[in-house]
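**Q** Quick one: the structure is below, and I'll ask about it shortly.
Numbering (the numbering used here), first residue to last: 2 to 417.
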């Protein structure tokens, strides 16, 4: 039976593409102009503002109240979320900063742009995770030792990349294929010093996906019931993890999701269950062993990377992501590489999961795809996405031409 529980919440918002692409990428323009041309600023501000009002601000306000009462939570924040939060401004930025600085909060490191870089360049992935770790530790004066990567991606290569980067533990999704039918219990050892923290898949999704589903046999889910389920989970320690937007966006306020979360710490305390930060259990909870898989797993969809590259448009976009990234590296310009990493966000592939698919997963993908894009029709949308990568690719060509020209002018003449 569980004696302690770690709550994990992920805050992320992508930069959505501008469809159709309006302006060309001029070779002599600064990279911020390229970024403004490729990504739809007004669209992103509109989406972020709506979610901030419905989810981020009310949930952070509630968390701050609960934290002051002794509650603990673990928060992951992508860099693209930070950027948009700063554009949104007050009261979100001050509220988020106070919550992250609170002693009851552990900051979990995520891949800065929520990108597919772990599958394209492991060395760059390692550097990006170290960069993120350093930025967060400098700003909040807290050690960042646990990571969620992107979409809880987990594989042998990712494991060793993070172990080499010096992290203490990484989050994985504790599906039956990973943790067995009984569900994940406690903490796992990996082949190196990096420990594995399994998210309890079923108990997490009972809130994340099923909370407001009137056809679910567990509806309505009340805090006393959920606290009892958590108490009866196997092992002394469990983790439940959600997108932050579970609260107020995926499940709107009228579903009772905020009232549920307000009452849950009270019900846990009545049952003798404490909420903890990940760092509190890394050395005290007994661990079992687990071997990371060669084929990557994720918390998205059915748990495989097919969720992101399983159909033709997704695979084609993934190849484009890899191509423009490696070409950007050839330019030697950090700004071009940074922009290529932004084009590599997993969200761009998530928004194509619906292609030639029906059912709950397709519905979720269509929900995340901007409504404005659908006005162009399916084929128009796909053509517009292709045009994004084609425009960036051509612009990189111009940078490479210029680089070659400079090199030829500065090279010494060869004497024959």
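Quick reminder that beta carbons are idealized off the backbone N, C-alpha and C, glycines included.
Could you give the DSSP three-state label for residue 162: helix, strand or coil?
**A** Translated into positions along the chain shown, residue 162 becomes position 161. Helix.
**Q** Can you tell me which of the three DSSP states residue 417 falls into?
**A** As a working mapping, residue 417 is identified with position 416 in the chain shown. Residue placement at residue 417 is poorly supported in this model, since its pLDDT is 44, which falls under 50; the coordinates still yield a value, given next. Residue 417: coil per DSSP, three-state reduction.
**Q** Below 8 Å on the Cβ atoms is my contact criterion, and I expect residue 213 with residue 256 to pass it. Report the Cβ-Cβ distance as a whole number of Å.
**A** Stepping through the chain shown from its first residue, residue 213 is reached at position 212. Stepping through the chain shown from its first residue, residue 256 is reached at position 255. Contact flag correct, Cβ pair sits at about 4 Å.
**Q** Could you say which of 398, 317 and 395 lies nearest to residue 386 if we only look at CA atoms?
**A** Numbered from its first residue, the chain shown carries residue 386 at position 385. It is 317.
**Q** What's the gap between the Cα of residue 128 and the Cα of residue 345?
**A** For the purposes of this step, residue 128 is taken as residue 127 along the chain shown, with counting starting at 1. For the purposes of this step, residue 345 is taken as residue 344 along the chain shown, with counting starting at 1. Computed Cα separation, rounded: 16 Å.
**Q** CA-CA distance, residue 407 and residue 348?
**A** Along the chain shown, read from residue 1 onward, the residue named residue 407 stands at position 406. Along the chain shown, read from residue 1 onward, the residue named residue 348 stands at position 347. Taking the straight line joining both Cα atoms gives about 37 Å.
**Q** Taking Cβ positions, are residue 304 and residue 296 nearer each other than 7 Å?
**A** Taking the chain shown and counting its residues from 1, the one referred to as residue 304 is at position 303. Taking the chain shown and counting its residues from 1, the one referred to as residue 296 is at position 295. The answer is no: Cβ separation not under 7 Å.
**Q** Between residue 130 and residue 112, what straight-line distance do the alpha-carbon atoms span, to the nearest angstrom?
**A** By 1-based counting over the chain shown, the position of residue 130 is 129. By 1-based counting over the chain shown, the position of residue 112 is 111. Approximately 6 Å between the Cα atoms of the pair.
**Q** What does the Cβ neighbour count give for residue 416, buried or exposed, with the cut at 16 atoms within 10 Å?
**A** Within the chain shown, residue 416 is the residue found at index 415, counting from 1. With a pLDDT of 46 at residue 416, under the threshold of 50, the predicted position of this residue should be treated as unreliable, though the coordinate-derived value follows. Exposed.
**Q** Check whether the region 214–231 touches the region 160–178, counting contact only when three or more Cβ pairs, one atom from each stretch, lie closer than 8 Å.
**A** As far as the Cβ criterion goes, the region 214–231 does not touch the region 160–178, which means the pair count is below three.
**Q** Residue 219: buried (16+ other C-beta within 10 angstroms of its C-beta) or exposed?
**A** As a working mapping, residue 219 is identified with position 218 in the chain shown. Burial call: exposed.
**Q** Among 309, 361, 6 and 384, which residue has its Cα nearest to the Cα of residue 352?
**A** If you number the chain shown from 1, residue 352 lands on position 351. Of 309, 361, 6 and 384, the residue nearest in Cα terms is 309.
**Q** Check whether the Cβ atoms of residue 321 and residue 390 sit closer than 7 Å, and answer yes or no.
**A** For the purposes of this step, residue 321 is identified with residue 320 of the chain shown, where counting begins at 1. For the purposes of this step, residue 390 is identified with residue 389 of the chain shown, where counting begins at 1. Yes, Cβ-Cβ distance for residue 321 and residue 390 is below 7 Å.
**Q** When the distance is taken between beta carbons, is residue 110 closer than 7 Å to residue 78?
**A** Here residue 78 refers to the residue found at position 77 of the chain shown. Here residue 110 refers to the residue found at position 109 of the chain shown. For residue 78 and residue 110, no; Cβs fall outside 7 Å.
**Q** With a 10 Å radius around its C-beta and 16 neighbouring C-beta atoms as the bar for buried, classify residue 409 as buried or exposed.
**A** The count along the chain shown starts at 1 and reaches residue 409 at position 408. Looking at its Cβ environment, which holds fewer than 16 other Cβ atoms inside 10 Å, residue 409 is exposed.
**Q** Buried or exposed: residue 378, going by 16 or more other Cβ atoms within 10 Å of its Cβ?
**A** Position 377 of the chain shown holds residue 378. Exposed, by the Cβ-count rule.
**Q** Given residue 86, which residues of its chain have a CB within under 7 Å of its CB, disregarding the five upstream and five downstream residues?
**A** Translated into the one-based positions of the chain shown, residue 86 becomes position 85. So the qualifying residues of the chain are 93, 94 and 97.
**Q** Which same chain residues end up closer than 7 Å to residue 230 when comparing Cβ atoms and leaving out the 5 residues on each side of it in sequence?
**A** One-based indexing of the chain shown puts residue 230 at position 229. Same-chain partners within the cutoff: 204.
**Q** Would you say residue 76 and residue 106 are within 7 Å of each other, going by their C-beta atoms?
**A** Here residue 76 refers to the residue found at position 75 of the chain shown. Here residue 106 refers to the residue found at position 105 of the chain shown. Cβ distance < 7 Å, so residue 76 and residue 106 count as in contact.
**Q** Taking residue 190 as part of the beta strand (DSSP E), name the residues at either end of that continuous run.
**A** Here residue 190 refers to the residue found at position 189 of the chain shown. Per DSSP, residue 190 belongs to the beta strand (DSSP E) from 188–190.
**Q** If contacts are defined as beta-carbon pairs under 8 Å, then residue 253 and residue 55 qualify, I think. What distance do you get, rounded to the angstrom?
**A** The count along the chain shown starts at 1 and reaches residue 253 at position 252. The count along the chain shown starts at 1 and reaches residue 55 at position 54. Contact holds; Cβ gap of about 7 Å.
**Q** When the Cα of residue 7 is compared with those of 338, 277 and 91, which residue comes out closest?
**A** Here residue 7 refers to the residue found at position 6 of the chain shown. Per the Cα distances, 277.
**Q** Could you give the DSSP three-state label for residue 336: helix, strand or coil?
**A** The residue you call residue 336 lines up with position 335 of the chain shown. DSSP places residue 336 in helix when its eight states are reduced to three.
**Q** For residue 374 and residue 118, I'd like the C-alpha separation in whole angstroms.
**A** Taking the first residue of the chain shown as 1, we reach residue 374 at position 373. Taking the first residue of the chain shown as 1, we reach residue 118 at position 117. Each residue's alpha carbon lies about 26 Å from the other.
**Q** Considering only C-alpha positions, which residue in the set 2, 24 and 16 is nearest to residue 40?
**A** Mapped onto the chain shown, residue 40 falls at position 39. With distances taken between Cα atoms, residue 40 lies closest to 16.
**Q** Within the same chain, show all residues whose beta-carbon is closer than 7 Å to that of residue 262, passing over the 5 residues directly before and after it, in chain order.
**A** For the purposes of this step, residue 262 is taken as the residue at position 261 of the chain shown. If we look at residue 262 and ignore the five residues flanking it on each side, its Cβ neighbours are 63 and 248.
**Q** Within the region 210–289, note down every full alpha helix (DSSP H) run reaching 4 residues or more, in order along the chain.
**A** Correct list: 224–232 and 258–271.
**Q** Taking Cβ positions, are residue 329 and residue 397 nearer each other than 7 Å?
**A** As a working note, residue 329 is residue 328 in the chain shown. As a working note, residue 397 is residue 396 in the chain shown. The answer is yes: Cβ separation under 7 Å.
**Q** Between the region 230–240 and the region 184–196, do at least 3 Cβ pairs fall closer than 8 Å?
**A** Contact between the region 230–240 and the region 184–196 is present, because at least three Cβ pairs lie under 8 Å.
**Q** Between which two residues does the beta strand (DSSP E) containing residue 9 stretch?
**A** Here residue 9 refers to the residue found at position 8 of the chain shown. Segment 5–12, the beta strand (DSSP E) holding residue 9.
**Q** Taking the alpha-carbon of residue 326 as reference, which of 393, 307, 11 and 279 has the nearest alpha-carbon?
**A** Position 325 of the chain shown, counted from the first residue, corresponds to residue 326. When each option's Cα is compared against that of residue 326, the closest is 393.
**Q** What are the boundary residues of the alpha helix (DSSP H) that residue 177 is part of?
**A** Position 176 of the chain shown, counting from 1, holds the residue named residue 177. Segment 177–180, the alpha helix (DSSP H) holding residue 177.
**Q** Where does residue 93 fall in DSSP's three states?
**A** Walking along the chain shown from the start, residue 93 turns up at place 92. Helix at residue 93.
**Q** Return the bridge partner residues of residue 155 from the DSSP annotation.
**A** To locate residue 155, count along the chain shown from 1; it is residue 154. In the DSSP output, where bridge partners are listed per residue, residue 155 has 298.
**Q** Quick one: Cα of residue 405 to Cα of residue 28, how far?
**A** As a working mapping, residue 405 is identified with position 404 in the chain shown. As a working mapping, residue 28 is identified with position 27 in the chain shown. Distance between the alpha carbons of residue 405 and residue 28 is about 14 Å.
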